[in-house]
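Visitor: Heads up: the protein sequence lines correspond to chains A and B, in order. Residue 1 is where the first sequence starts when you use our numbering, and the numbers rise one by one after that. Residue 1001 is where the second sequence starts when you use our numbering, and the numbers rise one by one after that. We put the CB at the ideal spot given by N, CA and C, even for glycine.
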Amino acid sequence: MIAMYYQNPITITGIDLPWIPSMGTRFHLSSDGVSLLMALITNVVVMVSMYVTLSENKAGQRQFYALLLLMQTFILGVFVAEDMFLYYIFWELSLIPAYFLVLLWGESPKIKPITLRFFLFTLFGSLLMLIAIITLGNMGEVGNYDLSIIEGLEIGIPTQLLLFVAFMVAFGIKSPIFPLHGWQADTYEAAPTSVTIILSGVMSKMAIYSIYKFVLPILPDAVNQYGSYVVLAATFGVFYASLLAMVQTNIKRMFAYVSMAHMGIIAAGLFPLNSNGLHGVMLQIAAHAVNTCGLFLVAHSLYKLNGSYDMASFGGLRQKMPLFAGAFLVILFGAIGVPFTNGFIGEFLILNSLYSYDVLSAILAGSGVILGAVYMLNLYKRVILGTDNKTNYLDINDVDKFLYLSLVFVIIITGVYSSWITKLCDASIQTILHSNYIQ
Amino acid sequence: MNLNSAQLIAMMVPTLPLIGFAGYLLYGQYLKEKSAGLLASLWIILSFFLTLILFFQLNESSPAINVHLFDWINTDDLNIPFEFRIDQLSIIMMLLITGVGSLIHIYSTGYMHGDEGFSRFFAYLNLFIFFMLILVMANNFVLMFAGWEGVGLCSYLLIGFWYKDHENNKAANKAFIINRIGDLFLLFGLFLLYKQFGTFIFSDLEQNIAGSMSSPEILTFITLLLFIGATGKSAQIPLYTWLPDAMAGPTPVSALIHAATMVTAGIYLIVRSNFLFALAPLTNEIITFVGLTTSIFAGVIATKQNDIKKILAYSTISQLGLMFFALGLGAYGAAFFHLLTHAFFKALLFLGAGSVIHGLHGEQDIRNMGNLKKYMHYTHLLFLIGVLAIIALPPFSGFYSKDNILSLAYIQSPIWWIAALFAGLLTVFYMLRLYFVVFWGKERMSQDTINKIHESPWSMLLPLLILGILSVFGGWINAPELLLGNKWLEHFISPIVSIHPSHLPHSTEWILMAVSMGSILLVAFMTYQKYVSKAHVPLIESNAKDGSFVNLIRNKFYVDELYESVIGKSFLKLSQFFNSIFENQVVRRITDGTGQLSLYVSENIRKTQNGFISYYLFAMALGVLGILTIFIFFAL
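See the structure below:
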């Protein structure tokens, strides 16, 4: 489908059928370049997740796979739904398999309160969103949830503000954006790694995608007036999460905060509302999906060595596991955005547009660039470098090798040749910008 | 992509080292030590010859060769090409990088002999050359920044090359992080530049700036940000502390990266964007001041160091400070000239020091050396050349470049001249101290060590010899009229840097030169007295009787400790506060608040379900009434 899109960059309409006529909702699926990118990311991330599951060797593998696939279906649904009600249904449904996956296969003794918090808090956000969607759907002459019609609505500024708050709380929780991240670190840490990969690699992007797809075109005035507050919260979150990442001793929990820091930069990149920022967001979404996969995969490989995520239980792996150490290094550089890795271009574009938008936010986001180097290199030093203390490990096996090499390949190729993503997203971005923000 | 032959050659120059690096990944493990080292060196030597071919195609009036490879970043608003620009400035840098790079590769085949990470070392060196070439060949700031961060990355890898020792890893991390701080400032400088002028491409910028009437404040701000970026990479106050620690890496790395090439990137940046800095007089004053302060400050610290590589590291900081001093005065040509000669003699000194360390099997403390001239004839002779060059005695290369800077300083103000001369005299003192303590006096090594001292193999001495020749004659490329030269270098780079008009009367120049020569000789004599005639040996720290100021110097003015306790600690405190208090007290409450809210609401709603039929009936009646009211209301 992506190949098709390059040849003919138009919106592909898949299905458009009446669904619940009494409410005016339609089963309307379609995809533009951005949706395609999202779908691609979803499928890649789920593949990696499946592989991790394969080597986790859990009880009830079959149910586990079934739930993973179910989740994949619903997430893909979110990315292609054109009808807001349908979109909401997919959004909500994707939470359910996630809930059960974490609850039933979670790795923490406190799994019940953690999943409950995760579920309730996310649900709370979704309910606000549901109210907002119903309000929007009933604003027109007939109840109609189709995005093209909702986009055409003229909405008064006070109403826009209320809807904006409702949407942003929902997406801020999912993403997460500071200070709505209370569920995240616990959940990422406690969830089985294969699920954490999907939570951070794809589900967090659902929020960014939704802001891009719905909030920006539907509520332009509110975005113009109040976007700066979101940017400030998100970029403060970058600083905040980076500092938190510095003092974690559990590798998985640390990566959870790393992920949050990156999501903060991505979320902030939406609001300067220019082509550079939005392209940066898309590039960074793709980069973050790959890098976060890589990081949690590293955590998983480490866990396989001695059943621990504690940094202190590793050291000197470089000697016995040169390939693993090398792959980790590249993933790490991708995550901290060194040029010629995928993390750089998106970060560069976002920071560049943030700088013109609000210097304070740019500085807060930029602090992540420095702090990122601090915590990542310290982690690498403690786990990989130094002398071999107690380990007698073998290097990663062939399948792992293939997976890591593919990630490394993608990280570098995208860092050098990024146009494959910008070309894919350009039409969609220009449409949103030109129909709402650029006169 | 149709390239003519010059463009093709230009493209190959950075590609070859990259092939070398990629090759290591593919077949590195199958190569024997000898062939791995030879192959890695060969890529760079080849690259050097290609650069030479390009060099002979350029003269001082030829246009730049542009090589457009592909679009690197392309959004609707912004197009950053992956494009090289080979002009008079970049070709000289390319010659330096591939030339000195080749020599150091050859040297390393001897120096790293027997190391278990032998081929990995060469892979990193190849990668470094690639990034350094990207840095100087880029036609825009962003690609340059990519090279800029890339060399930092290689520096990180090579400082921590012996990764089993956590001291090295700590130094590597420190280098990368401090450089990142500088890089962020540089990045913000670039963002502001883009905001003002709408492009990152050098040639377009130059035009846009000429055509625009932007306020000097903004230009000052931009150039200051760029300069702070430069202080990170080029180890100036306040971001210099990483460079002495970076000596943890193998000595050839110190010579190539931390003396000859990477640390001069900050100088290159300012020379490259001199069209910006020329418009920001305040920034220039700050640069002059910072450069001079750094030069003296580092020089003072160097006088009390006892690690042979640390002395050279502080000396590098000091010399770089002198270059910045010249840049601030607007003497871009002179600064660039000193960059080149410094690259020759500092690489020579580092490699010479490496030869000493190699010969003594890893000893780096000068207090445990002495009288090495008896054991290592060639190393001694070549090291001496390096010392004479750096203390700026004629006719060695350092003399020409330092004299150039000094006389330009005098034009601005005699006070600048005195201060710069003082920095130069510090150099004379600490370099001769190093030289005398290591090569003269009595042997202070154990008898066992003395028996094992050996002269280095030819693969190490040959590069030393070539660098020695360059250190002697390198000054001729920019000799002034006064000394029968024709300032070739400054004329050659005049398309990028307009020639600085300097007209001191010849008599004044002679007098200045005589005064500086006299004082250099005087200091040299005093140093000789102290360290040779009186055979003074620097004391072990514990029984130092000197006043507290000496201890202050010995401890490098406690700057590291200051940074650590003020900045490092406060960030750590903040992290711990966020982690243990804010996360639990505030964030957790926000999260749980919704749960508690729903519990609270359901609790209250539950109360309505109390099981009394009459209550339900009442509620139903109320409901019906309500609905009716609404219908009636809307019907009317």
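#1: When the distance is taken between beta carbons, is G182(A) closer than 8 Å to Q284(A)?
#2: Specify the secondary structure class of L283(A) as computed by DSSP and reduced to three states.
#3: For H1068(B), go through chain A and note every residue whose CB falls closer than 9 Å to its CB, in chain order.
#4: Going by DSSP in three states, L273(A) sits in which element: helix, strand or coil?
#5: With respect to the alpha helix (DSSP H) encompassing H1380(B), which residues constitute its N-terminal and C-terminal limits?
#6: How about S1119(B) and L1031(B): do their beta carbons lie closer than 8 Å?
#7: Using the beta-carbon of each residue, which ones in chain B are nearer than 7 Å to T387(A)?
#8: Out of D1204(B), N1066(B), M1012(B), P1252(B), point me to the one whose CA is closest to S1459(B)'s CA.
#9: Fully enclosed by the segment 1032-1114 of chain B, which alpha helix (DSSP H) runs are 4 residues long or longer?
#10: Under 7 Å from any heavy atom of the ligand ATP, does the C-beta of P109(A) make it?
#11: Going by CA-CA distance only, name the one from G227(A), F121(A), A185(A), P97(A) that's closest to Q160(A).
#12: Check S242(A) in the structure and name its three-state DSSP category.
#13: Just checking: is the beta-carbon of T1231(B) within a distance shorter than 8 Å of some beta-carbon in chain A?
#14: Spatial neighbours of S1090(B) within its chain, please: CB distance less than 7 Å, with the 5 preceding and 5 following residues excluded, ordered by chain position.
#15: Would you list the residues sitting across from I1201(B) in a DSSP beta bridge?
#16: Can you give the Cα-Cα distance for R1367(B) and T1449(B), rounded to whole angstroms?
#17: So, under 8 Å CB-CB, I1237(B) and T1293(B) are touching, yes? Tell me the CB distance rounded to an integer number of Å.
#18: Quick one: does S1542(B) have its CB under 8 Å from some CB of chain A?
#19: Which parts of the segment 313-352 of chain A are runs of the alpha helix (DSSP H), unbroken and 4 residues or longer, counting only runs that do not cross its ends?
#20: If contacts are defined as beta-carbon pairs under 8 Å, then I429(A) and M376(A) qualify, I think. What distance do you get, rounded to the angstrom?
#21: How about W91(A) and M168(A): do their beta carbons lie closer than 8 Å?
#22: Take the Cβ of F1473(B) as the centre, count every other Cβ of all protein chains shown within 10 Å, and call the residue buried at 16 or more, exposed below.
#23: How should I1581(B) be labelled, buried or exposed, when 16 other C-beta atoms within 10 angstroms of its C-beta is the threshold for buried?
#24: Expressed to the nearest angstrom, what Euclidean distance is found between the alpha-carbon atoms of V1300(B) and F1350(B)?
#25: Considering just the uninterrupted stretch of the alpha helix (DSSP H) at E1490(B), what are its terminal residues?
#26: Which residue wins for smallest C-alpha separation from E1217(B), given the options T1264(B), D1204(B), G1198(B), F1277(B)?
#27: Considering only residues of the same chain and omitting the five flanking positions on each side of L1193(B), which have a CB-CB separation below 6 Å?
#28: Evaluate the contact criterion for the segment 400-407 of chain A versus the segment 314-334 of chain A: three or more CB pairs, one atom per stretch, below 8 Å.
#29: Does Y404(A) have its Cβ less than 8 Å from a Cβ in chain B?
#30: Taking the C-alpha atoms as reference points, what is the distance between S1035(B) and L1042(B)?
#31: Tell me which residue opens and which closes the alpha helix (DSSP H) that L1399(B) is part of.
#32: Using CA coordinates, which residue listed in G152(A), N378(A), G201(A) is at the minimum distance from N1168(B)?
#33: Going along the chain, which residues of the segment 264-275 of chain A sit with their C-beta nearer than 9 Å to a C-beta in chain B?
#34: Which residues in the same chain as L1628(B) place their Cβ atom closer than 7 Å to its Cβ, once the five residues preceding and following it in sequence are excluded?
#35: Note down the Cα distance separating L433(A) from S30(A), rounded to an integer number of angstroms.
#36: Which residues in the same chain as V1624(B) place their Cβ atom closer than 7 Å to its Cβ, once the five residues preceding and following it in sequence are excluded?
Guide: So, from the listed chains and residues:
#1: The sequence position of residue 284(A) within the first sequence is 284, counting from 1. The sequence position of residue 182(A) within the first sequence is 182, counting from 1. Not in contact: Q284(A) and G182(A) (Cβ atoms no closer than 8 Å).
#2: For the purposes of this step, residue 283(A) is identified with residue 283 of the first sequence, where counting begins at 1. Of the three classes helix, strand and coil, the one that applies to L283(A) here is helix, per DSSP.
#3: Position 68 of the second sequence, counted from the first residue, corresponds to residue 1068(B). Under the 9 Å cutoff, chain A gives no residues; its nearest Cβ is about 14 Å from H1068(B).
#4: Against the first sequence, residue 273(A) aligns to sequence position 273. L273(A) sits in coil when the DSSP states are folded into three classes, being neither helix nor strand.
#5: Within the second sequence, residue 1380(B) is the residue found at index 380, counting from 1. Start and end: 1377-1390.
#6: By one-based count along the second sequence, residue 1119(B) stands at place 119. By one-based count along the second sequence, residue 1031(B) stands at place 31. In terms of Cβ geometry, S1119(B) and L1031(B) form a close pair [threshold 8 Å].
#7: For the purposes of this step, residue 387(A) is taken as the residue at position 387 of the first sequence. Residues of chain B passing the Cβ test: K1164.
#8: The sequence position of residue 1459(B) within the second sequence is 459, counting from 1. Measuring from the Cα of S1459(B), the nearest candidate turns out to be P1252(B).
#9: Complete alpha helix (DSSP H) runs here, min 4: 1033-1057, 1088-1111.
#10: Among the components modelled here there is no ligand, and therefore nothing to report on the ligand ATP.
#11: Residue numbering aside, residue 160(A) sits at position 160 when the first sequence is read from its first letter. Cα-wise, what sits closest to Q160(A) is G227(A).
#12: Position 242 of the first sequence, counted from the start, is the residue given in the question as residue 242(A). Reduced to three states, the DSSP call for S242(A) is helix.
#13: Locating residue 1231(B) in the second sequence gives position 231, where the first residue counts as 1. No - not a single Cβ of chain A is within 8 Å of the one on T1231(B).
#14: Taking the second sequence and counting its residues from 1, one reaches residue 1090(B) at position 90. Excluding residues within five positions, the ones whose Cβ falls inside 7 Å are V1136, M1137.
#15: On the second sequence, residue 1201(B) is found 201 positions in, with the first residue counted as 1. Note: I1201(B) sits in a beta bridge opposite N1140(B).
#16: To locate residue 1367(B), count along the second sequence from 1; it is residue 367. To locate residue 1449(B), count along the second sequence from 1; it is residue 449. Answer to the nearest angstrom: the Cα atoms are 14 Å apart.
#17: Here residue 1237(B) refers to the residue found at position 237 of the second sequence. Here residue 1293(B) refers to the residue found at position 293 of the second sequence. 6 Å between Cβ atoms; contact.
#18: Walking along the second sequence from the start, residue 1542(B) turns up at place 542. Only weak support exists for where S1542(B) lies, its pLDDT of 46 falling under 50; the value from the coordinates is given anyway. So no, S1542(B) is outside the interface.
#19: With a minimum length of 4 residues, the continuous alpha helix (DSSP H) runs that stay inside the segment 313-352 of chain A are 317-320, 322-335.
#20: Position 429 of the first sequence, counted from the start, is the residue given in the question as residue 429(A). Position 376 of the first sequence, counted from the start, is the residue given in the question as residue 376(A). Not really, about 30 Å apart at Cβ, beyond 8 Å.
#21: Residue numbering aside, residue 91(A) sits at position 91 when the first sequence is read from its first letter. Residue numbering aside, residue 168(A) sits at position 168 when the first sequence is read from its first letter. No, they are not a contact pair.
#22: As a working mapping, residue 1473(B) is identified with position 473 in the second sequence. Exposed, by the Cβ-count rule.
#23: Here residue 1581(B) refers to the residue found at position 581 of the second sequence. By the 10 Å Cβ count, I1581(B) comes out exposed.
#24: As a working note, residue 1300(B) is residue 300 in the second sequence. As a working note, residue 1350(B) is residue 350 in the second sequence. So the two alpha carbons sit approximately 20 Å from each other.
#25: As a first step, residue 1490(B) must be located in the second sequence, where it is residue number 490. Counting along the chain, the alpha helix (DSSP H) containing E1490(B) begins and ends at 1488-1492.
#26: Reading the second sequence from its first residue, position 217 is the one you call residue 1217(B). It is F1277(B).
#27: Along the second sequence, read from residue 1 onward, the residue named residue 1193(B) stands at position 193. Cβ neighbours of L1193(B) beyond the five flanking positions: I1222.
#28: yes
#29: On the first sequence, position 404 is the one that residue 404(A) refers to. No, Y404(A) does not count as interfacial toward chain B.
#30: Within the second sequence, residue 1035(B) is the residue found at index 35, counting from 1. Within the second sequence, residue 1042(B) is the residue found at index 42, counting from 1. Using only the alpha carbons, I get a separation of about 10 Å.
#31: Residue numbering aside, residue 1399(B) sits at position 399 when the second sequence is read from its first letter. The displayed chain sequence assigns Phe, not Leu, to residue 1399(B). Start and end: 1397-1412.
#32: Numbered from 1 along the second sequence, position 168 holds the residue referred to as residue 1168(B). Checked all of G152(A), N378(A), G201(A); the closest Cα to N1168(B) is N378(A).
#33: N274, S275
#34: Position 628 of the second sequence holds residue 1628(B). Cβ neighbours of L1628(B) beyond the five flanking positions: none.
#35: Taking the first sequence and counting its residues from 1, one reaches residue 433(A) at position 433. Taking the first sequence and counting its residues from 1, one reaches residue 30(A) at position 30. Answer to the nearest angstrom: the Cα atoms are 20 Å apart.
#36: The residue labelled residue 1624(B) in the question sits at position 624 within the second sequence. Excluding residues within five positions, none has a Cβ falling inside 7 Å.
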